[in-house]
Amino acid sequence: MQYPNRWPAPAKLNLFLHINGRRPDGYHELQTLFQFIDACDYLTFKLTDAPNLVLHSELNSVVDPSDNLILKAAKLLKQHANYSGGAEIFLEKNLPMGGGIGGGSSNAATTLVALNALWKTGLSVDELAKLGVKLGADVPVFIRGLAAFAEGVGEQLTPVDLPEKYYLVITPEVHVSTAKVFSHPDLPRNTPKLTLATLMKNSWQNDCQSLVAEQHPQVAKALDWLVEYAPSRMTGTGACVFGEFEDKQQALKVLSQLPTDLSGFVAQGLNQSPLIELIAKQN
Ligand SMILES: C[C@@](CO)(OP(=O)(O)O)[C@H](O)COP(=O)(O)OP(=O)(O)OC[C@H]1O[C@@H](n2ccc(N)nc2=O)[C@H](O)[C@@H]1O
Ligand SMILES: Nc1ncnc2c1ncn2[C@@H]1O[C@H](COP(=O)(O)OP(=O)(O)O)[C@@H](O)[C@H]1O
């Protein structure tokens, strides 16, 4: 089978994020809507007979390679499948980190999907998703590659077909820790659970937004600015915020007016991830 050289790891947005409660293990019950966007990191894999797993990336100076979700994912698959060889992995990092657009989780998912194909370890998508959730609650949605309504701690996924709008994503230069947001005493945790049909009719919100905006003036500033142009919210636990547009030109026009101390990009919503499209083309 002819696989490509570069494997995409797309970002996601949480179009809404509701927190319904806290479980005894500290994890939170959520209802959230995931859609991919066509902004991606890219990974390249060179297979080796030697068992070593090596990551080449500018990120190595910021995230210790042993903490990098890419190497953690590769190690997990290698151990699970009892694979004898190794890989050199090259990462092109384009996505902002700690922004709530899921770059780390997506990198992990792409590593699992790509190495499973290249190493011919033969795991099913369900098995890969089960491995992936050990690395992060967001990893399975990237492995399955379909826009989805998520419940539980984010692992119960129902695929959904959504309008593929354009988003202006603002990337405030602050790193928000997901663990810190979820452990904050003031985080609202009591949004009632609703059916998907009801949620689709309601206006959408992110229950982490007020807390994160209070703690990070750059996030509040981005939201105050963007909301003048389009319905806007934060994604995940922040710091990125996004405004929805029907029309790409309109989104680009607003981007061109962004105050100089903010930065961002325009991307299109996708119901199928570029990673899964690529795998489907091979089969
Ligand atoms: C809440 C979301 C929405 O997409 O936030 P973002 O990370 O994307 O901003 C994700 O589900 C996050 O997924 P992910 O980033 O993979 O989370 P994990 O590594 O599993 O967990 C990071 C920390 O967040 C908290 N956490 C995460 C998920 C959840 N349902 N309840 C939690 O309380 C836990 O304290 C955990 O220690
Ligand atoms: N390959 C990776 N890409 C990005 N972040 C990574 C990676 N591996 C580990 N991390 C760690 O995970 C943290 C959260 O990453 P990221 O997925 O970008 O944020 P978020 O979950 O908020 O979207 C980073 O700050 C970094 O310390």
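So the sequence shown is numbered by the working numbering: it starts at 3 and just counts up by one.
The beta carbon of each residue, even a glycine, is placed where N, CA and C say it ideally should be.
Just so it is clear, the structure is predicted and the values come from calculations on it, not from any experiment.
(message) Which residues does DSSP list as the beta-bridge partners of CYS42?
(response) Mapped onto the sequence shown, residue 42 falls at position 40. In DSSP, CYS42 forms a bridge with PRO12.
(request) Return the chain-ordered list of same chain residues with a C-beta closer than 6 Å to the C-beta of LYS95, the five sequence neighbours on each side being excluded. (result) Counted from its first residue, the sequence shown places residue 95 at position 93. Closer than 6 Å at Cβ, skipping near neighbours: ASP43 and LEU61.
(message) Which of the three DSSP states is assigned to ASN109 in this structure?
(response) Translated into positions along the sequence shown, residue 109 becomes position 107. Note: ASN109 maps to helix in three-state DSSP.
(message) Let me make sure I understand the geometry here. Which of MET99, GLN252 and PRO26 has the alpha-carbon closest to that of VAL65?
(response) Position 63 of the sequence shown, counted from the first residue, corresponds to residue 65. Per the Cα distances, MET99.
(message) At the level of alpha carbons, what is the spacing between LEU228 and THR50?
(response) Taking the first residue of the sequence shown as position 1, residue 228 is located at position 226. Taking the first residue of the sequence shown as position 1, residue 50 is located at position 48. Their Cα atoms are separated by approximately 48 Å.
(message) Since GLY102 and THR193 should fall inside the 8 Å C-beta cutoff, what is the C-beta to C-beta distance between them, to a whole number of angstroms?
(response) What you label residue 102 is simply residue 100 of the sequence shown in a count that begins at 1. What you label residue 193 is simply residue 191 of the sequence shown in a count that begins at 1. Actually they do not touch by this definition, with Cβ atoms about 18 Å apart.
(request) Could you tell me which of HIS186, GLN251, GLU175 and PHE47 sits nearest to TYR169, measuring between CA atoms? (result) Sequence index remark: in the sequence shown, residue 169 carries index 167 (1-based). Of HIS186, GLN251, GLU175 and PHE47, the residue nearest in Cα terms is GLN251.
(message) I'd like the span of the beta strand (DSSP E) that includes ILE91, first residue to last.
(response) Translated into positions along the sequence shown, residue 91 becomes position 89. Element bounds for ILE91: 88-94.
(request) Could you tell me which residues DSSP puts in a beta bridge with TYR29? (result) What you label residue 29 is simply residue 27 of the sequence shown in a count that begins at 1. In the DSSP output, where bridge partners are listed per residue, TYR29 has none listed.
(message) For GLU31 and GLY156, I'd like the C-alpha separation in whole angstroms.
(response) Mapped onto the sequence shown, residue 31 falls at position 29. Mapped onto the sequence shown, residue 156 falls at position 154. If I take the Cα positions, the gap works out to 8 Å.
(request) For my contact list, LEU71 and PHE244 are in at a C-beta cut-off of 8 Å; report their separation, rounded to the angstrom. (result) In the sequence shown, counting from the first residue as 1, residue 71 sits at position 69. In the sequence shown, counting from the first residue as 1, residue 244 sits at position 242. So it is not a contact: roughly 23 Å between Cβ atoms.
(request) Give me whichever residues DSSP pairs with ASN54 in a beta bridge. (result) Against the sequence shown, residue 54 aligns to sequence position 52. DSSP, once it has assigned bridges, lists no residue as partnering ASN54.
(request) Indicate, with yes or no, if ligand 2 has a heavy atom lying under 8 Å from the CB of HIS177. (result) Residue mapping note: residue 177 aligns to position 175 of the sequence shown, counting from 1. For ligand 2, at least one heavy atom lies less than 8 Å from the Cβ of HIS177.
(message) For a minimum of 4 consecutive residues, which ranges assigned as the alpha helix (DSSP H) are wholly contained in the region 163-200?
(response) 180-185
(request) Tell me whether the beta-carbon of PRO165 lies closer than 9 Å to the beta-carbon of ALA224. (result) Mapped onto the sequence shown, residue 165 falls at position 163. Mapped onto the sequence shown, residue 224 falls at position 222. Taking 9 Å as the Cβ cut-off, PRO165 and ALA224 do not qualify as a contacting pair.
(message) According to DSSP, simplified to helix, strand and coil, what is SER234?
(response) Position 232 of the sequence shown, counted from the start, is the residue given in the question as residue 234. Strand at SER234.
(message) Need the endpoints of the alpha helix (DSSP H) that ALA269 sits in, please.
(response) As a first step, residue 269 is located in the sequence shown; it is residue number 267 there, counting from the start. Premise fails: ALA269 lies in the beta strand (DSSP E), 266-272, not in any alpha helix (DSSP H).
(message) What does the Cβ neighbour count give for HIS20, buried or exposed, with the cut at 16 atoms within 10 Å?
(response) Along the sequence shown, read from residue 1 onward, the residue named residue 20 stands at position 18. It is buried - the Cβ of HIS20 has at least 16 other Cβ atoms within 10 Å.
(request) Could you tell me if the beta carbon of GLY271 falls within a distance shorter than 8 Å of some heavy atom in ligand 1? (result) As a working mapping, residue 271 is identified with position 269 in the sequence shown. Flag unset: Cβ of GLY271 not near ligand 1.
(message) For SER108, count the other beta carbons within 10 Å of its own beta carbon; 16 or more makes it buried, fewer makes it exposed. Which is it?
(response) Position 106 of the sequence shown holds residue 108. When all chains shown are included, SER108 counts as buried.
(message) Closer than 8 Å is the cut-off here; do at least three beta carbon pairs connect the region 263-272 with the region 24-41?
(response) yes
(request) Tell me where the beta strand (DSSP E) around GLN158 begins and ends. (result) Here residue 158 is taken as the residue at index 156 of the sequence shown, counted from 1. Residues 158-161.
(message) Shorter than 8 Å, the distance from the beta carbon of LYS95 to the closest heavy atom of ligand 2, or not?
(response) For the purposes of this step, residue 95 is taken as the residue at position 93 of the sequence shown. LYS95 Cβ: within cutoff of ligand 2.
(request) Please classify ARG25: is it buried, with 16 or more other beta-carbons within 10 angstroms of its beta-carbon, or exposed? (result) As a first step, residue 25 must be located in the sequence shown, where it is residue number 23. That one is exposed.
(request) Could you check the C-alpha separation between ASP249 and SER275 for me, to the nearest Å? (result) By 1-based counting over the sequence shown, the position of residue 249 is 247. By 1-based counting over the sequence shown, the position of residue 275 is 273. In a straight line, the C-alpha of ASP249 is about 21 Å away from that of SER275.
(request) Just mark ALA149 as buried or exposed, buried being the case when its beta carbon has 16 or more other beta carbons within 10 Å. (result) Here residue 149 refers to the residue found at position 147 of the sequence shown. Its Cβ being crowded by 16 or more others within 10 Å, ALA149 is buried.
(request) Consult DSSP for ILE281 and reduce its assignment to one of helix, strand or coil. (result) If you number the sequence shown from 1, residue 281 lands on position 279. In this structure, ILE281 counts as helix in the three-state DSSP scheme.
(request) Name the one or two DSSP bridge partners that LEU35 has. (result) For the purposes of this step, residue 35 is identified with residue 33 of the sequence shown, where counting begins at 1. Paired residues: PHE18 and PHE151.
(message) Among PHE92, PHE247, PRO53 and CYS242, whose alpha-carbon lies nearest the alpha-carbon of ILE172?
(response) For this step, residue 172 is matched to residue 170 along the sequence shown. The candidate whose alpha carbon is nearest that of ILE172 is CYS242.
(request) Can you give me the Cβ contacts of LEU133 inside the same chain, cut-off strictly under 7 Å, excluding the 5 residues immediately before and after it? (result) Position 131 of the sequence shown, counted from the first residue, corresponds to residue 133. Contacts found: LEU78, LEU79, HIS82 and LEU114.
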